[in-house]
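As you go down the protein sequences, you meet chains W and C in turn. Under full-length UniProt numbering, residues 1 to 471 are what the first sequence spells out, in order. Under full-length UniProt numbering, residues 1 to 471 are what the second sequence spells out, in order. Virtual Cβ for every residue (Gly too), placed ideally from N, Cα, C. Being a predicted model, the structure only gives us computed values, none of them experimental. Here's the structure we're looking at; comments come further down.
Number of protein chains: 2
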Amino acid sequence: MTLNPADESFARLIRAELGDDILRPVTERYLEEPRRRFSGQAAVLALPRTVDEVAALVRLASRKQVAVVPYGGGTGLVGGQVMSEGPAPVVISLERMTAIRAVYPSENILIVEAGAILADVQAAAEQVNRLFPLALAAQGSCRIGGNLATNAGGVNVLRYGNARDLCLGLEAVLPSGEIWHGLSRLRKDNTGYDLRNLLIGAEGTLGIITAASLKLFPRPENVGTAMIQVRSPEAAIALLALAHEQLGDAVSTFELIHRQGLQFLTEALPDVRQPFATQPEWCVLIELGLFAGQAPMDALEKLYVAAEKAELVGDAVIAQSEAQRADLWAIRERIPEANRLIGSVSSHDISVPISLIPKFIERANEMVAALGPFRVNCFGHVGDGNLHYNVFPPKGHERSEFDSQRQVVKRSVHDLVNAFGGSVSAEHGVGRLKADDLERYGDPARMSAMRAIKTALDPLGIMNPGAVLRS
Amino acid sequence: MTLNPADESFARLIRAELGDDILRPVTERYLEEPRRRFSGQAAVLALPRTVDEVAALVRLASRKQVAVVPYGGGTGLVGGQVMSEGPAPVVISLERMTAIRAVYPSENILIVEAGAILADVQAAAEQVNRLFPLALAAQGSCRIGGNLATNAGGVNVLRYGNARDLCLGLEAVLPSGEIWHGLSRLRKDNTGYDLRNLLIGAEGTLGIITAASLKLFPRPENVGTAMIQVRSPEAAIALLALAHEQLGDAVSTFELIHRQGLQFLTEALPDVRQPFATQPEWCVLIELGLFAGQAPMDALEKLYVAAEKAELVGDAVIAQSEAQRADLWAIRERIPEANRLIGSVSSHDISVPISLIPKFIERANEMVAALGPFRVNCFGHVGDGNLHYNVFPPKGHERSEFDSQRQVVKRSVHDLVNAFGGSVSAEHGVGRLKADDLERYGDPARMSAMRAIKTALDPLGIMNPGAVLRS
Numbered sequence: 001m002t003l004n005p006a007d008e009s010f011a012r013l014i015r016a017e018l019g020d021d022i023l024r025p026v027t028e029r030y031l032e033e034p035r036r037r038f039s040g041q042a043a044v045l046a047l048p049r050t051v052d053e054v055a056a057l058v059r060l061a062s063r064k065q066v067a068v069v070p071y072g073g074g075t076g077l078v079g080g081q082v083m084s085e086g087p088a089p090v091v092i093s094l095e096r097m098t099a100i101r102a103v104y105p106s107e108n109i110l111i112v113e114a115g116a117i118l119a120d121v122q123a124a125a126e127q128v129n130r131l132f133p134l135a136l137a138a139q140g141s142c143r144i145g146g147n148l149a150t151n152a153g154g155v156n157v158l159r160y161g162n163a164r165d166l167c168l169g170l171e172a173v174l175p176s177g178e179i180w181h182g183l184s185r186l187r188k189d190n191t192g193y194d195l196r197n198l199l200i201g202a203e204g205t206l207g208i209i210t211a212a213s214l215k216l217f218p219r220p221e222n223v224g225t226a227m228i229q230v231r232s233p234e235a236a237i238a239l240l241a242l243a244h245e246q247l248g249d250a251v252s253t254f255e256l257i258h259r260q261g262l263q264f265l266t267e268a269l270p271d272v273r274q275p276f277a278t279q280p281e282w283c284v285l286i287e288l289g290l291f292a293g294q295a296p297m298d299a300l301e302k303l304y305v306a307a308e309k310a311e312l313v314g315d316a317v318i319a320q321s322e323a324q325r326a327d328l329w330a331i332r333e334r335i336p337e338a339n340r341l342i343g344s345v346s347s348h349d350i351s352v353p354i355s356l357i358p359k360f361i362e363r364a365n366e367m368v369a370a371l372g373p374f375r376v377n378c379f380g381h382v383g384d385g386n387l388h389y390n391v392f393p394p395k396g397h398e399r400s401e402f403d404s405q406r407q408v409v410k411r412s413v414h415d416l417v418n419a420f421g422g423s424v425s426a427e428h429g430v431g432r433l434k435a436d437d438l439e440r441y442g443d444p445a446r447m448s449a450m451r452a453i454k455t456a457l458d459p460l461g462i463m464n465p466g467a468v469l470r471s
Numbered sequence: 001m002t003l004n005p006a007d008e009s010f011a012r013l014i015r016a017e018l019g020d021d022i023l024r025p026v027t028e029r030y031l032e033e034p035r036r037r038f039s040g041q042a043a044v045l046a047l048p049r050t051v052d053e054v055a056a057l058v059r060l061a062s063r064k065q066v067a068v069v070p071y072g073g074g075t076g077l078v079g080g081q082v083m084s085e086g087p088a089p090v091v092i093s094l095e096r097m098t099a100i101r102a103v104y105p106s107e108n109i110l111i112v113e114a115g116a117i118l119a120d121v122q123a124a125a126e127q128v129n130r131l132f133p134l135a136l137a138a139q140g141s142c143r144i145g146g147n148l149a150t151n152a153g154g155v156n157v158l159r160y161g162n163a164r165d166l167c168l169g170l171e172a173v174l175p176s177g178e179i180w181h182g183l184s185r186l187r188k189d190n191t192g193y194d195l196r197n198l199l200i201g202a203e204g205t206l207g208i209i210t211a212a213s214l215k216l217f218p219r220p221e222n223v224g225t226a227m228i229q230v231r232s233p234e235a236a237i238a239l240l241a242l243a244h245e246q247l248g249d250a251v252s253t254f255e256l257i258h259r260q261g262l263q264f265l266t267e268a269l270p271d272v273r274q275p276f277a278t279q280p281e282w283c284v285l286i287e288l289g290l291f292a293g294q295a296p297m298d299a300l301e302k303l304y305v306a307a308e309k310a311e312l313v314g315d316a317v318i319a320q321s322e323a324q325r326a327d328l329w330a331i332r333e334r335i336p337e338a339n340r341l342i343g344s345v346s347s348h349d350i351s352v353p354i355s356l357i358p359k360f361i362e363r364a365n366e367m368v369a370a371l372g373p374f375r376v377n378c379f380g381h382v383g384d385g386n387l388h389y390n391v392f393p394p395k396g397h398e399r400s401e402f403d404s405q406r407q408v409v410k411r412s413v414h415d416l417v418n419a420f421g422g423s424v425s426a427e428h429g430v431g432r433l434k435a436d437d438l439e440r441y442g443d444p445a446r447m448s449a450m451r452a453i454k455t456a457l458d459p460l461g462i463m464n465p466g467a468v469l470r471s
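Listed below in structure tokens is the structure:
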């Protein structure tokens, strides 16, 4: 299907139907993405205030066969938010639709518009003494609609699941311009196909999420946080199994950190307080959320004693105050920033079956070493099988010196992930960056089903073309 | 699209390609369903042993435009497993595909074929000291493929979610006959559309699930079970909120029971031991699964004391032994059997937003009372907002005397549910019984998306025609 550019005549149509105030000049931020691998084109930028305005915009785009790029916080890492090829699209930013529409504490439900900043959703839950557990580095600027469109992960997936697991219902504009009023407050509803989960993770290619009904949780009474040295990735996984056995789903965070990450902090962010005098090869950040008067110290000490007996662990630091807890979290949370300052040759957001993680790390390290004198910072959500396996230039060198090797490094890592039955995008999505990977590694039957669904729901191909599926 | 009957010439084709052993004479059980509202037609019955055989059967059906009815344990309550109209279908029963293909305790994953009996899946998890939490009345005969196809619920949804929340991946034969190899062992994988959740709950209309990768959980160290009298449905909901506040996700079961249910047990199943000398108007069955050495008695007593202080509860029975626990569970689990023996005029598997339950029960009772001298047994998974709201003839009368009122009772209850923003099928699915309800109450934009998806994936309309969507 040939698309038409969102030109001045299209802008006039929008103004005529929705008034002047809905359009804004296109500024640079709508055409960039954090890693600067893609840049968007000049386009029409619309800032609707209601779902009806979103629907009107989509109907106009459908009538004129103009591409639509839904825009949230712009923090996505795979280029899903910028259309770098084809006729210029209309960018529909949800930034004016930020209302918390309703909170139902007794139902543990919150209904929010898609443009709300994630941190504001967390705060609204906290106000009624509930937890909205989605938490990730970009939470101060990413928007909940984007979190849902990309099925965002983060540091609490182990206990609470991904974004899709936290959503009960959606309001969305389908590519036809029809509005799906699906803001369910039901925990159980078995009436027909799961359109909600189809839109979640579709990265704006099957419609625009305009509001969501989200699950809240009781806030744990007590939180316990520790950084524990582990002897190996195997030991980390055994420690997690032990923690699950002792504590069930009280384990909310379990993050693996490699010495390289600690060294990058020393190198790039020396103000970050290091937990150990000597940087260990591997350590984990563990956090427990406890109820019923359970003491975090007791729980963590009991776990540590059992883990020591099983020869899994070395030294440990248990947070004794909120300030110490923040220090431990800063280690984990500032590693991505240190990574950016060092500058990676190639970054990989991958997952493999949890029991295969040790073998995967070993093989990947051997493979990368054979390709060049790279440094590897491998860290992340080991409890979910999700690692950020990032490859850096040797000390004293710039990433640009290795531009010619980027593709071979990436391809080698991704091929290995695929051989391990893993995913080349565990939590960031496909966007435009990994559309070719999806073609390469995707199951053929699933790929043809995906294409059939895309054509069925968006026959003109106007919704975020080029993202997820090559157009 | 016109379909052809699965006749003798079609059976010959199957035998020629797959051998004689794959077909069986069609016996009555494949043409019935538990409530006997629908009866199937004479058809070809195929019992494949492998996913490749399932795929070959679907390809033949596609080539000859013959309808396919996937068949699990036959326990579904909405007629999804019997095709009562149109040309006779080929029934594909998964009963020979029952293997536990693999168990990965360190990953908390089990991979099983679709024909495995749910109780056998539970037992396989228990063998490695893990919990597979899906639990429901039919667990001794229903099959996991059917549980997934209908997104089964049951008594542990509150803590662990519905069937869809317990599944990481699927192997399935799509209507084209292509096999989707999607038995993922990944907790996080954001590469493309969520085909898994689309097939789960589609009741065999978008493909045949042949195997699944399932989530296991740590087994709670201690279990605490109690039956507590509550002053009203409001009090039940307040008690649940209190339990969540004190105990977080340790609350695994929270079932509301009305006096009518206890009276039906006395009437129809007098061997069931009653928990209270005087039958209370409302009581709840609560179960806790605890870790980290927490004592169930302490937890339940602390909850009870707080609930008593808040004037929510009356007497309570806390199970002191496994035998007492079984007695308390028998109350809840044998109510459906008592219901069948009494014989309902109309049964409703509904959900409404949790905070609206008290008002819904009040209004529904008034409405039913205005329709006739009925008895109402309202019970179920109140923590999920899911009630079984079942209407019975007055004592001494037969359901058949009220046949003429069945439709008006059902319609009135469903209209009320819809007015409350609820679902007319919380956990049983749509099948053929509620396909008209879906037309009546379904969101129009969602309905057109569902039809477009059905046509895209099954253009010939061979997969379980007439279920979910009217053909």
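8 Å Cβ cutoff, residue i in contact with chain C
| i | result |
| --- | --- |
| W/T455 | yes |
| W/P353 | yes |
| W/H181 | yes |
| W/G248 | yes |
Bridge partner(s) assigned by DSSP for residue i
| i | result |
| --- | --- |
| W/S351 | W/N386 and W/S423 |
| W/G314 | For W/G314, which the question treats as bridged, DSSP gives no partner whatsoever. |
| C/S93 | C/Y71 |
| C/A102 | C/I111 |
| W/N162 | Partner(s): none; W/N162 has no beta bridge. |
| C/E28 | Paired residues: none, contrary to the question. |
Contact with chain W by residue i, beta-carbon distance below 8 Å
| i | result |
| --- | --- |
| C/R187 | yes |
| C/R446 | yes |
| C/T50 | no |
| C/P358 | no |
| C/G389 | The question names Gly, but residue 389 of chain C in the sequence shown is Tyr. By this cut-off, C/Y389 is not an interface position. |
| C/V468 | yes |
| C/G270 | The sequence shown places Pro at residue 270 of chain C, not Gly. C/P270 does not count as touching chain W. |
| C/I286 | no |
| C/F291 | yes |
Where residue i falls: helix, strand or coil (DSSP)
| i | result |
| --- | --- |
| C/G145 | helix |
| C/N377 | strand |
| W/N464 | coil |
| C/L214 | strand |
| C/L136 | coil |
| C/E366 | helix |
| C/V417 | helix |
| W/V155 | coil |
| C/R130 | strand |
| C/L174 | coil |
| W/E287 | strand |
| W/N197 | helix |
| C/F10 | helix |
Inset, instruction - Decide if the segment 384-399 of chain W is in contact with the segment 108-116 of chain W; the criterion is three or more beta carbon pairs, one per stretch, under 8 Å apart. - result: no
Legend entry - Cβ contact check for the segment 228-244 of chain C and the segment 337-344 of chain C: 3 or more pairs under 8 Å: no
Legend entry - Sequence ranges, beta strand (DSSP E) only - wholly within the segment 292-347 of chain W, length at least 3: 313-318
Inset, instruction - Please go through the segment 222-266 of chain C and give each complete beta strand (DSSP E) segment of 3 or more residues, from N-terminal end onward. - result: 222-230 and 251-258
Inset, instruction - Check whether the segment 325-342 of chain W touches the segment 403-413 of chain W, taking contact to mean three or more Cβ pairs, one atom from each stretch, closer than 8 Å. - result: no
Legend entry - Touching by the beta-carbon criterion (3+ pairs, under 8 Å), the segment 191-210 of chain W and the segment 374-389 of chain C: no
Legend entry - Three-pair Cβ contact test at 8 Å for the segment 274-289 of chain C versus the segment 256-266 of chain C: yes
Inset, instruction - Taking 8 Å as the threshold, find out whether the segment 426-440 of chain C comes into contact with the segment 80-99 of chain C through three or more Cβ pairs. - result: yes
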